[in-house]
Amino acid sequence: MLEFEDIQHILLTRVPALTGRYEFLTFHSAEGGRAWLAEIIGTVQSSTQVRASVENDKRWVTVAFTWNGLRALGVDEASLATFPLEFRQGMAARAEIIGDTGANQPGNWVGGLANPDLHAIVILFARDKTERERCQAEYQKLVARCEGVEALSSLDLEATPPFDYAHDHFGYRDRMSQPVIEGSGEEPTPGTGAPLKAGEFILGYPDEDGPPANLPQPEILSCNGSYMAYRRLQEHVGAFRDFLRRHGRTPEEQELVAAKLMGRWRSGAPLVLAPDRDDPELGADRQRNNNFNYKQMDPIGYAVPLGSHMRRMNPRDTAANVNRRRIIRRGATYGPPLAENAPEDGVERGIAAFVICASLIRQFEFLQNVWANDRNFHELGNERDPIIGNQDGTLDFKIPKRPIRKTITGLPAFTTVRGGAYFFLPGIKALRYLAALDDGHKVQS
Amino acid sequence: MKNDWTKPAAAAIPKEGFFKLEEGRYGPIYPKTPACYGFTIIAKIKPGREETIRQYGKTIEKTIAELPDALAVLKLHYLRWVLFDIGKDTYFMYQGIFDTDFDKYTEDAVALFSKYGISTVFENLEGFPEDWKTNSAAFVKFVREHQCPSFLEYGEYPYVSADEIKKALKLKAAFSDMLDQMQ
Numbered sequence: 001m002l003e004f005e006d007i008q009h010i011l012l013t014r015v016p017a018l019t020g021r022y023e024f025l026t027f028h029s030a031e032g033g034r035a036w037l038a039e040i041i042g043t044v045q046s047s048t049q050v051r052a053s054v055e056n057d058k059r060w061v062t063v064a065f066t067w068n069g070l071r072a073l074g075v076d077e078a079s080l081a082t083f084p085l086e087f088r089q090g091m092a093a094r095a096e097i098i099g100d101t102g103a104n105q106p107g108n109w110v111g112g113l114a115n116p117d118l119h120a121i122v123i124l125f126a127r128d129k130t131e132r133e134r135c136q137a138e139y140q141k142l143v144a145r146c147e148g149v150e151a152l153s154s155l156d157l158e159a160t161p162p163f164d165y166a167h168d169h170f171g172y173r174d175r176m177s178q179p180v181i182e183g184s185g186e187e188p189t190p191g192t193g194a195p196l197k198a199g200e201f202i203l204g205y206p207d208e209d210g211p212p213a214n215l216p217q218p219e220i221l222s223c224n225g226s227y228m229a230y231r232r233l234q235e236h237v238g239a240f241r242d243f244l245r246r247h248g249r250t251p252e253e254q255e256l257v258a259a260k261l262m263g264r265w266r267s268g269a270p271l272v273l274a275p276d277r278d279d280p281e282l283g284a285d286r287q288r289n290n291n292f293n294y295k296q297m298d299p300i301g302y303a304v305p306l307g308s309h310m311r312r313m314n315p316r317d318t319a320a321n322v323n324r325r326r327i328i329r330r331g332a333t334y335g336p337p338l339a340e341n342a343p344e345d346g347v348e349r350g351i352a353a354f355v356i357c358a359s360l361i362r363q364f365e366f367l368q369n370v371w372a373n374d375r376n377f378h379e380l381g382n383e384r385d386p387i388i389g390n391q392d393g394t395l396d397f398k399i400p401k402r403p404i405r406k407t408i409t410g411l412p413a414f415t416t417v418r419g420g421a422y423f424f425l426p427g428i429k430a431l432r433y434l435a436a437l438d439d440g441h442k443v444q445s
Numbered sequence: 001m002k003n004d005w006t007k008p009a010a011a012a013i014p015k016e017g018f019f020k021l022e023e024g025r026y027g028p029i030y031p032k033t034p035a036c037y038g039f040t041i042i043a044k045i046k047p048g049r050e051e052t053i054r055q056y057g058k059t060i061e062k063t064i065a066e067l068p069d070a071l072a073v074l075k076l077h078y079l080r081w082v083l084f085d086i087g088k089d090t091y092f093m094y095q096g097i098f099d100t101d102f103d104k105y106t107e108d109a110v111a112l113f114s115k116y117g118i119s120t121v122f123e124n125l126e127g128f129p130e131d132w133k134t135n136s137a138a139f140v141k142f143v144r145e146h147q148c149p150s151f152l153e154y155g156e157y158p159y160v161s162a163d164e165i166k167k168a169l170k171l172k173a174a175f176s177d178m179l180d181q182m183q
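Chains A and B supply the protein sequences, listed in that same order.
Just so you know, my numbering puts 66 at position 66 of the first sequence, and the rest follows in order with no gaps.
Just so you know, my numbering puts 88 at position 88 of the second sequence, and the rest follows in order with no gaps.
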């Protein structure tokens with residue numbers, strides 16, 4: 001049984017937010033940090049709370065910490081050493097492993113995210129802008145009254161119009177395929193696969209391999225917690241649209257090129273089920289839009305290219321141990337939309353998302369290192385993920401097609417990593433434990 | 001041209017095992033050479049375990065006979081298992097040649113080793129971590145500590161992957177079949 005009342009809501013629930021704000025902060029004093037945490041805990045909702053009141057709520061708050069942040073709050077060295085190496089090192093230190101090189105390197109990141117002083121994040125999702133601004137004002141008052149707590153940076157989130165379905169700045173429908181956690185009460189949609197063991201995403205529960213092992217200590221700190229990899233990904237909408245125009249003579253052809261890069265039409269309709277023309281009704285139908293496999297239905301990739309984003313991020317039945325590589329995605333878009341037919345305006349826009357998983361190295365880093373950035377994934381030879389892979393203009397994208405495939409050479413980068421970090425997302429009890437630490441605290445055995 | 005399979009090639013490798021330090025998830029990545037990727041793991045076996053290890057040769061033979069795709073995910077060309085003595089001690093050598101750097105499929109390898117009993121062989125080696133099933137990091141550390149990088153590797157048909165070879169053989173068979181059909 002999952003302890004819903006102890007699990008931060010972001011792990012299990014998607015909230016109806018149209019806007020939000022991420023606040024990044026640093027603690028100059030452990031006492032100040034704990035005073036701040038003790039106050040903000042009151043706004044952090046558990047999964048139980050959000051499930052009961054989501055229809056009436058206007059805002060949802062999540063709090064998480066970097067490894068340096070846990071230390072800054074007063075977690076002792078013995079306990080800190082029990083966290084996995086990749087989390088201790090942090091995302092910036094593992095840039096080469098996850099493909100954040102060249103333009104994506106941490107030296108170019110914004111908002112102080114590559115800085116060891118990054119200690120915590122507050123994720124605010126809000127129903128509307130008025131509520132966001134109200135929360136922001138409250139939050140600023142809180143930071144001001146906690147000595148030694150300093151805001152590093154923030155990012156405002158805005159859904160992109162039209163608002164009737166979630167999509168990114170490129171226009172791709174989002175939130176299509178999400179694993180279901182056993183015991184969460186959610187029913188997987190057809191094609192999603194059986195629910196996965198909770199331990200794949202929540203610490204303290206059995207995972208697909210068996211009982212939990214090597215949990216950070218003390219257990220009160222790790223149980224019902226998880227890890228979050230934050231990614232701020234700028235989307236170069238102008239370059240993306242230019243690319244589509246260059247590779248498609250008609251709007252229909254351009255849509256097909258966009259679909260081939262993703263594996264789905266921008267409507268969400270999967271190419272396996274709608275190989276030749278878009279089917280927006282299918283795209284919006286959750287009972288049908290995920291109901292396909294690759295091994296039997298598209299082994300060569302005539303519908304969904306082997307190198308497309310969707311096929312890399314979830315190869316379904318064409319990779320080993322996929323149940324050990326699943327992730328939960330949360331997040332939102334930021335920046336103003338770029339009007340159709342408007343030239344690139346140079347304003348930063350993109351997606352700011354979290355990958356939630358029980359093992360950063362086995363789940364998030366594997367996806368980045370192998371599925372997104374291994375040039376030879378699926379024997380492709382000279383390709384990386386066309387949407388989120390590290391692209392420097394020297395790689396290809398192959399579209400299988402009879403009688404012969406189409407190869408696009410010199411694929412441009414459609415996205416740039418503008419920041420990222422590894423956070424530990426504690427359970428509610430763990431947040432209270434952290435707030436109550438004292439400076440002489442030792443790990444209880 | 002680097003990947004010209006018609007031109008046999010050799011590469012001398014620096015002592016540390018790589019030309020340029022490139023970090024994988026579990027440590028430095030050993031490079032692709034004309035003989036593809038590979039490793040050579042050498043470890044002392046626990047006293048009296050030689051027969052147990054030899055017996056596993058039969059077990060693995062049977063596994064592969066029944067499930068030819070059992071190890072497909074590791075992108076292997078060849079595996080060689082050797083037992084040899086130095087003085088009174090017996091050592092186990094595990095050499096593999098494959099098409100992807102081992103780091104990438106570490107967890108898959110650990111899962112496979114567990115599933116098909118290969119790990120049971122490792123359990124007969126001195127210093128193998130007892131909690132390897134739940135501790136990928138410890139497993140990988142053992143492998144890395146016992147890896148002896150080559151200082152020379154040679155390929156008669158350099159850099160060619162097993163998949164490419166299989167594709168070429170399939171094409172040859174298909175052409176041969178086509179010619180039969182045209183008689």
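C-beta atoms are modelled at their ideal positions from N, C-alpha and C, and glycine is treated no differently.
Given the structure is predicted, the values throughout are model-derived calculations rather than measurements.
- The continuous stretches of beta strand (DSSP E) do not include residue 135/A, which lies in the alpha helix (DSSP H) extending over residues 129 to 145.
- The alpha-carbon separation between residue 398/A and residue 36/A amounts to approximately 52 Å.
- In this structure, the CA atom of residue 402/A is about 27 Å from the CA atom of residue 191/A.
- Chain-order list of chain B residues neighbouring residue 361/A: 25, by C-beta distance under 7 Å.
- In terms of CA proximity to residue 116/B, 61/B leads the group 23/B, 61/B, 90/B, 161/B.
- DSSP places residue 63/B in the uninterrupted alpha helix (DSSP H) bounded by 50 to 66.
- For the pair residue 161/A and residue 175/A, the Cα-to-Cα distance works out to about 16 Å.
- Residue 357/A and residue 8/A have their C-alpha atoms some 13 Å from each other.
- Around the CB of residue 352/A, 16 or more other CB atoms lie within 10 Å, so the residue is classed as buried.
- Taking a contact to require three or more Cβ pairs closer than 8 Å, the stretch 303 to 314 of chain A and the stretch 373 to 383 of chain A qualify as touching.
- Across the set 158/B, 151/B, 174/B, the C-alpha of 151/B shows the shortest separation from the C-alpha of residue 12/B.
- Taking 8 Å as the CB threshold, residue 73/B lines the interface with chain A.
- Taking every protein chain shown into account, the CB of residue 28/A has fewer than 16 other CB atoms within 10 angstroms, so this residue is exposed.
- Taking a 10 Å sphere around the C-beta of residue 274/A, we find 16 or more other C-beta atoms and assign the residue as buried.
- The beta-bridge partner set that DSSP reports for residue 167/A consists of 173/A.
- Shown here, residue 344/A sits in coil according to DSSP, grouped into three states, outside any helix or strand.
- Counting along the chain, residue 40/A sits inside the alpha helix (DSSP H) bounded by residues 30 to 40.
- Within chain B, the residues 23, 24, 25 have their CB atoms less than 8 Å from the CB of residue 97/A, given in chain order.
- Fewer than three Cβ pairs drawn from the stretch 318 to 325 of chain A and the stretch 402 to 415 of chain A lie within less than 8 Å of each other, which leaves the two stretches out of contact.
- Within the stretch 217 to 271 of chain A, the complete beta strand (DSSP E) segments at least 3 residues long are 226 to 235, listed from N- to C-terminus.
- Residue 25/A and residue 142/A have their C-alpha atoms some 12 Å from each other.
- For residue 124/A, the enclosing beta strand (DSSP E) covers residues 120 to 126.
- Taken through DSSP and simplified to helix, strand or coil, residue 104/B comes out as helix.
- Scanning its chain for C-beta atoms nearer than 7 Å, with the 5 sequence neighbours on each side dropped, one finds around residue 82/B the residues 93, in chain order.
- Residue 28/B places its beta carbon less than 8 Å from that of residue 18/B.
- The distance from the Cβ of residue 163/A to that of residue 18/A is about 6 Å, consistent with a contact at the 8 Å cut-off.
- Residue state for residue 8/A is assigned as strand, using DSSP reduced to three classes.
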